Structure formats: C-alpha cells, structure tokens
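Scroll down for the structure; my scribbles are underneath it.
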Amino acid sequence: MSKPKTLRIIIWVFLIGLICAASAIYYVFNMPRRNISKENAIYTLVAKQLISDFRSDETVATAKYLDQVVAVTGEIKSIRTLDNHSMVFSLEDQMEGVSCTVDSADVVNNSSKLAQFTIGTKGQFKGRCSGMLMDIQIINCVPQ
Amino acid sequence: MNKLILFLALGLVFFNAGAQNRFFTKDAKINFNSSTPLEDIIAETNQATTFIDIDKNEVAFSVLTTSFKFRRALMEEHFNENYMESAKFPKAKFTGKIVSPIDWKSEKPVVVDVKGELTMHGATKAVTFKATITPGKTKVIATAELKVTPEDFKIAIPSAVRDKIAKEVTIKIDAIYAPYQQ
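So the sequences go chain by chain: A and B.
Position 71 of the first sequence, counted from 1, bears residue number 76 in the numbering used here, the numbering being contiguous throughout.
Position 69 of the second sequence, counted from 1, bears residue number 99 in the numbering used here, the numbering being contiguous throughout.
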C-alpha cells in the first residue's frame, strides 16, 4: 500500500469518527424529554393508597415513588388553572391529597377528556411522582 | 369584674380565631437564573407551597426539586442527578421572618426584609433578602429575589463546567396567597 493511500484511510476514519462523536454529543445535548404518555405506569393504584404510603413513612415512599410513572385514581376535590395554563387536579383532599398537574400542552391535547373531569367525579391520571409537600405531587400528568 | 375580664379575654380569643391570620398557596412560582457569558440556565416551577402567618410575620416555603423545568432535558437530568441529588434530598425549604415593619391592613405594596434559613441539598444556610408584599383581606401578593452560591449548599460543580454556571444564582419568587382555612 502506498503511503498517500494509508494517509487517506486514516483521514477518512478520523473524519467518520469525528462525525459520529459530534452527532452523539448533539443527540445527548438535545435529548428529548420523557414522554410520560408513552411510558407504562410502574405503579397503578388508588390515591388513598398513595396518601397512606406517604403519611406512614415519607422517606420510604419517596424512595419508592420518586420519579416513577404512577397511574393514580381518586375523587376530584378541586380543579385549578395556573397562569401558565397548566391545570392541577387535587384528588381525595384539596390540601393534603394527591395533586396531579397537567402541563399546558397536554391540557390542549386532552381537552375533551379533561372537560369530563368535574369536582366530585373520579379521575385517573398518569404522571411522574415528584414527592410530597403538603400533598403528594404528580407532574407531567395525562388523563387516562 | 373578674367575670367581665374573663368574658373579654374569651371574646378576644374567639375574635382572633375568626380573623384570618394565615395565608397560603400551593402554586407559588419559583425560578432561578444562572447567567454566564457561556450559557444561560433558567428553570422554573409553579409548584412551591408557601405560608405567611401575618400575626407572627412568619414565612415558610417548600418546593420539590424535581418539579423544576429547564429548557433542555439534559440540564434537568444534570440538575437532579449531579447537583441537587434529588433522590437523596427531594425538597428545598425556607423558613423565616419578616423583620421590618409591615401594616397588614394597608393593602399597599411594601418592601420588607426577610431573614431566615434556606435548606437545600441537605445543607442549611442563613439568608436575608428583600421582598415586596401587597397585603389584602382576601389575598396577599409577594415577590422576592435572592442570590445563592451553589458551594454554600455543598453543591459540587466540576471544574470543566464551572465557567458555565454562575457564581451566584438568582432565585425569584412570585406568590399569590389565599386565606388558609383549616
């Protein structure tokens, strides 16, 4: 093999490697957000169960549920729309129940389903558990 | 005479119980901003829970760190996994007092000093900041801004990215409180 040919191969390998590395970095840097609606729920349970799990031992419950996709069912006690157009549905108790937040884009995508959810009716939401303050918070929710 | 004093005292207790002395919201907005010439990092949450006790001038905030939303999913991941270690320390908290005078009946915005302790990433630090509070009978509006240094809260930032994260991160708070019924 002549020298210029070897050099050319080295340059090509190097360039291809560079492109691969660059696209990998680009992908990681701009990686897509988790799409909860496409993920399966790890835990499917009633709101009362989730509340009692957190009330009996918050540390254990946080370790179990934090960042996991949960599908939770309960009676809707309050509905609020925030100024960023996301909606919060409180299940079982307005103050110390389970708060399910539906992001503004998902409010638009699920408007007909959400319209059926009124105070006193049962609702099921699938979302990511972010822990407990006064209430247990489920974020990035989609109605089921 | 004694009976009259007792009656008046009881009346006062009942009057106080009836008066609205605690305000709260579960939808307070907190955002933080770390601006450097290399990168602007902005994150926001609408899910902070906060109380104001207007009798004691006490303020309390708490927020779940995984509820912060960033422009990029990668930033969110780094924030929760590498910096805040949200699995270990899921909450950030502030408890403090309004230390300058405030007339809760005025319904006019007033700038006050707030002093207290901020806990995040398992570390607690005394902080003082200014807040603008607009008192009201049915709602209390509060905005505040404070600056924190990540290193004060034992948040380790690798030297490779140190230039991309501001030395002081600005935290902004926006809250509209409603009367708290127990």
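Backbone N, C-alpha and C define an ideal beta-carbon position, used for all residues, glycine too.
Remember, predicted model here, so these are calculated numbers, not experimental data.
Under the Cβ criterion of 8 Å, B/Asn76 is counted among the residues facing chain A. DSSP places B/Lys138 outside any beta strand (DSSP E), giving it a letter other than H or E.
Of the residues assessed, A/Asn145 falls on the buried side of the cut-off, its CB having 16 or more other CB atoms within 10 angstroms. Of the residues assessed, B/Phe53 falls on the buried side of the cut-off, its CB having 16 or more other CB atoms within 10 angstroms.
Checking the DSSP bridge columns, you'll see A/Cys105 partnered with A/Phe94 and A/Ile143.
For A/Val74, the three-state secondary structure derived from DSSP is strand.
Using a CB distance cut-off of 8 Å, B/Ser136 does not count as an interface residue toward chain A.
Listed along chain B, no residue sits closer than 9 Å to A/Pro148 by beta-carbon distance, the nearest being about 18 Å off. Bridge partners of B/Asp83 according to DSSP: B/Arg52 and B/Glu88.
B/Asp204 carries a strand assignment under DSSP once its states are collapsed to helix, strand and coil. Interface flag for A/Gly132 against chain B is unset, since no Cβ pair is found closer than 8 Å. When 8 Å is used as the limit between beta carbons, B/Thr96 is near these residues of chain A: Leu71, Asp72, Arg133, Ser135, Gly136 and Ile144, in chain order. Interface with chain B (8 Å Cβ-Cβ cutoff): A/Val33 is included. Here B/Ser64 has Ile71, Ile195, Ala196 and Val199 as same chain residues with Cβ atoms under 6 Å from its own Cβ, once five neighbours each way along the sequence are excluded.
For A/Lys118, the uninterrupted alpha helix (DSSP H) run begins and ends at Ser116 to Ala120, by DSSP. In terms of CA proximity to A/Ala76, A/Gly128 leads the group A/Ile14, A/Gly128 and A/Trp17.
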